[in-house]
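Chains as they are written, first to last, in my numbering: chain A, 6 to 128; chain B, 6 to 128.
Beta carbons are placed, not taken as given, at the ideal position from N, Cα and C, and that holds for glycine.
A short write-up of the structure that comes next.
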DNA sequence: CGGGATCCGTTGGGATACTG
DNA sequence: CAGTATCCCAACGGATCCCG
């Protein structure tokens, strides 16, 4: 995708879809936590913080479906389930980290723009 | 929290928020189109394709609020409104392009993982 | 031409209760 | 412990009508 190249519409859609997938409320937080190593369900729940059990389940299922995370069940009592990033999941962290750094570096500018917009439209 | 891997929780949240902002259904598509230069409302509507007038309006308003886009009104009859990327908007394209290239390069792997997951759970 | 206002179906996501 | 099932609300997003 060179600069000046007429980027195909389907590619833009594809990017947008991926972005929507990992751009939901919890996926990125979960992936980030698993980036430090495998975790059990409730460990992950505590590590992420503020996520409901329902959303953690659905988030993990979707991440598993898309091949970012593996789910390993140990048939013990009580049961134990480990979640771990796949190779694809770890590779995803690279471009995401790029966006992360940009976001951290620029969130002040965004907040500032937002504040300016809000005060100007309040008139 | 591991030493040597100092991503604070607030930073993760911040990234997640930015990702959700541009990870909605249309923002990225709009930004991509404006990346080729300023466009009028209906030009943009046609260029993006499939977006409703309401969503284009709200998407542009939010992008404007966050400082990614400028809105210029020409007080003519009929009215003319130009939308253009700001410097911040153009800078955003850099990390997004990184993610874009990753998405395009790996969407086959995602589709494959998804297909495998779906057929295995169908049983 | 570039919206604003409204209605409405769909989806996201939290709270709670129950289960193997 | 690691879920599933259910209810419920709020936000997203499309369709339509109207207006300066």
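| Check | Outcome |
| --- | --- |
| Residue from B/83, B/75 and B/71 whose Cα sits closest to the Cα of residue 113 of chain A | B/71 |
| Chain B contact for residue 47 of chain A (CB, 8 angstroms cutoff) | no |
| Minimum length 3: unbroken beta strand (DSSP E) runs contained in the segment 41 to 83 of chain B | 74 to 79 |
| N- and C-terminal bounds of the beta strand (DSSP E) containing residue 16 of chain A | No beta strand (DSSP E) contains residue 16 of chain A, which is instead part of the alpha helix (DSSP H) from 14 to 27. |
| Inter-residue CB distance, residue 93 of chain B and residue 76 of chain B (contact presumed, cutoff 8 angstroms) | That pair is no contact at about 14 angstroms. |
| Residue 57 of chain A versus residue 47 of chain A - alpha carbon distance | 11 angstroms |
| Best match in A/31, A/40 and A/89 for proximity to residue 59 of chain A [C-alpha to C-alpha] | A/31 |
| Amino acids of chain B, ordered along the chain, whose beta-carbon sits closer than 7 angstroms to that of residue 115 of chain A | 71 and 72 |
| Per-residue burial, residue 9 of chain B [other beta carbons within 10 Å of its own, 16 or more giving buried] | Note that residue 9 of chain B scores a pLDDT of 42, beneath 50, so its modelled location is shaky and nothing firm can be said. |
| Rounded C-alpha distance that separates residue 89 of chain B from residue 40 of chain A | 37 angstroms |
| Spatial distance of residue 22 of chain B from residue 102 of chain B (CA atoms) | 18 angstroms |
| Those residues which DSSP pairs with residue 95 of chain A across a bridge | Its beta-bridge partners do not exist; DSSP assigns none. |
| Chain-order list of residues whose beta-carbon lies under 6 angstroms from that of residue 69 of chain A (same chain, five-residue window excluded) | 76 |
| Supposed contact pair residue 61 of chain A and residue 49 of chain A - C-beta distance, whole angstroms, cut 8 angstroms | 7 angstroms |
| Cβ-Cβ distance between residue 86 of chain B and residue 99 of chain B below 8 angstroms | no |
| Min CB distance residue 60 of chain A to chain B below 8 angstroms | no |
| Chain B contacts from the segment 97 to 110 of chain A (Cβ-Cβ distance under 8 angstroms) | 97, 99, 100, 101, 103, 104, 105, 106, 107, 108 and 109 |
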